[in-house]
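Enquirer:
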Amino acid sequence: MEMSWIRSVVYFAQFTTEPTEILLDRTASTKSYFKVKSDYAKEPIPEFIFKGMGPMFDEYKGRFAYMNLVPYGARIDEIPETETPFPDRAGNIYSIMCATGQDKEITHFEKLHRYMTSFVSKSPREAYVNYRDLDIGVNDKDKTNYEQSSIWGFKYYKKNFEKLVKVKSLIDPHNFFKHQQSIPSTV
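Taking the working numbering, the leading residue of the sequence shown gets 156, the next gets one more, and so forth.
1. From which residue to which residue does the beta strand (DSSP E) around T249 run?
2. Spatial neighbours of R162 within its chain, please: C-beta separation below 7 Å, excluding the five flanking residues on both sides.
3. When DSSP builds the beta bridges, which residues end up paired with M222?
4. Kindly indicate which residue of Y312, L267 and F332 has the alpha-carbon position closest to the one of T237.
5. So who's on the other strand from A196, going by DSSP bridges?
6. Return the residue from the list F332, K323 and K333 that minimises the CA-CA distance to S340.
7. Could you check how far apart the C-beta atoms of P199 and I248 are, in whole angstroms? I think they sit under 8 Å.
8. Taking the Cβ atom as the reference point for each residue, do T272 and F189 lie within a distance shorter than 8 Å?
9. With DSSP as the reference, identify every bridge partner of V191, one or two as the case may be.
10. I need the straight-line Cα distance from L319 to K197, nearest angstrom please.
11. Can you say whether Y221 is buried or exposed, counting buried as having 16 or more other CB atoms within 10 angstroms of its CB?
12. Rounded to the nearest angstrom, how far is the Cβ of H268 from that of E214, given a contact under 8 Å?
13. Beta carbon of N285, beta carbon of Q335: below 8 Å?
14. Can you tell me whether D232 is helix, strand or coil according to DSSP?
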């Protein structure tokens, strides 16, 4: 099936045959539920680890679950991690994304995430910001604060979190632009 990128966003979000403008409606709801977790591999993960995942994925028996490995290196290694807000550059072999779409599979999914612990980044266990993982921390409903946000902020942004807090405080001191894992303002 061939389609434009923006049409694919509508498709994978499982909206009905709505026009793409549905994406502008922040209250629009789909029947698409999924959970994503991400990691970064700093060292090659042994083949036996991937083989050990096979039975875990077999337990899904055709239900929605997958793992995506995105290679890093080359030009991305040449850009210092403090050059952009996205710090995950030199030193990462690949990013790992695991996703499931079943509420009843969450426990099984968390088992897979624990299985990977020894083979991914540590102190902190890093995560890719565009695969929002609310398990690593969220802001209170209508306010953000540095202490709470730093729990997940350093996992996503590493040392850049401090710089992003300063910028957010200058540009959006009253925290108008916010979501569950937004950068806090210190004002």
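Where is the CB? At the ideal position from N, CA and C, for every residue including glycine.
Expert: Let's see:
1. Looking at the sequence shown, residue 249 is not Thr but Tyr. Run containing Y249: Y249 to T255, per the beta strand (DSSP E) assignment.
2. Result list for R162: T175, in chain order.
3. Checking the DSSP bridge columns, you'll see M222 partnered with C253.
4. Ranking the options by Cα distance to T237, first place goes to Y312.
5. Checking the DSSP bridge columns, you'll see A196 partnered with Y249.
6. Checking every option, the nearest Cα to that of S340 belongs to K323.
7. Indeed, because the Cβ distance is near 6 Å, the residues count as touching under 8 Å.
8. With respect to F189, T272 sits apart: the two C-beta atoms are not nearer than 8 Å.
9. Note: V191 sits in a beta bridge opposite A254.
10. The C-alpha of L319 lies about 25 Å from the C-alpha of K197.
11. Y221 should be labelled exposed.
12. No, H268 and E214 are not in contact; Cβ-Cβ is about 15 Å, not under 8 Å.
13. No.
14. Assignment of D232 by DSSP, reduced to helix, strand and coil, places it in the helix class.
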